[in-house]
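The structure appears below as structure tokens.
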Amino acid sequence: MTYRDWLDVFIALGADRVATCPNCARGPIRWRFAANDDRIGFGVIWCEACLKGARLSRVRIPDRFDTLPISDIEEFSRGVPSIDFVED
Ligand SMILES: [Zn+2]
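Residues 8 to 95, numbered by our numbering, are exactly what the sequence shown covers, in order.
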């Protein structure tokens, strides 16, 4: 499982395709994103089953994802469990 695998999950979900966890294949995949009005922002995606995941920074968040305001970092953090992140 590499960072690139998680990027592929992000790209697939953003395009409304099905994606499974690159670590355990059990999913479901969860996410949390924060962005400005131009939808450039950051976020995390992870697998609810195994709690592996990846951080994304300075990315364009696809329209299908809800986003929080970038200024609301507390609310952002509140929705993210303790995740074992794969580093880029
Ligand atoms: Zn998993």
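Built from N, CA and C at the ideal position, the CB exists for glycine as well.
For this session: Measure from the alpha carbon of G50 to the alpha carbon of each residue in C57, P35, G34 and P69, then state which is nearest.
Result: P69
Exercise. How long is the line joining the alpha carbons of V25 and N43, rounded to whole angstroms?
Worked result: 26 Å
Problem set entry | Which listed residue (I47, F40 and W38) has its alpha carbon closest to that of R65 | I47
For this session: Classify F17 as helix, strand or coil using the three-state DSSP reduction.
Result: helix
Exercise. When the Cα atoms are used, what is the spatial distance from R67 to A41?
Worked result: 10 Å
For this session: Determine the direct distance from the alpha carbon of D79 to that of R4, and round the result to whole angstroms.
Result: Given a span of 8 to 95 for the chain in the structure shown, any question on residue 4 remains unanswerable.
Exercise. Can you tell me whether DSSP reads I36 as helix, strand or coil?
Worked result: strand
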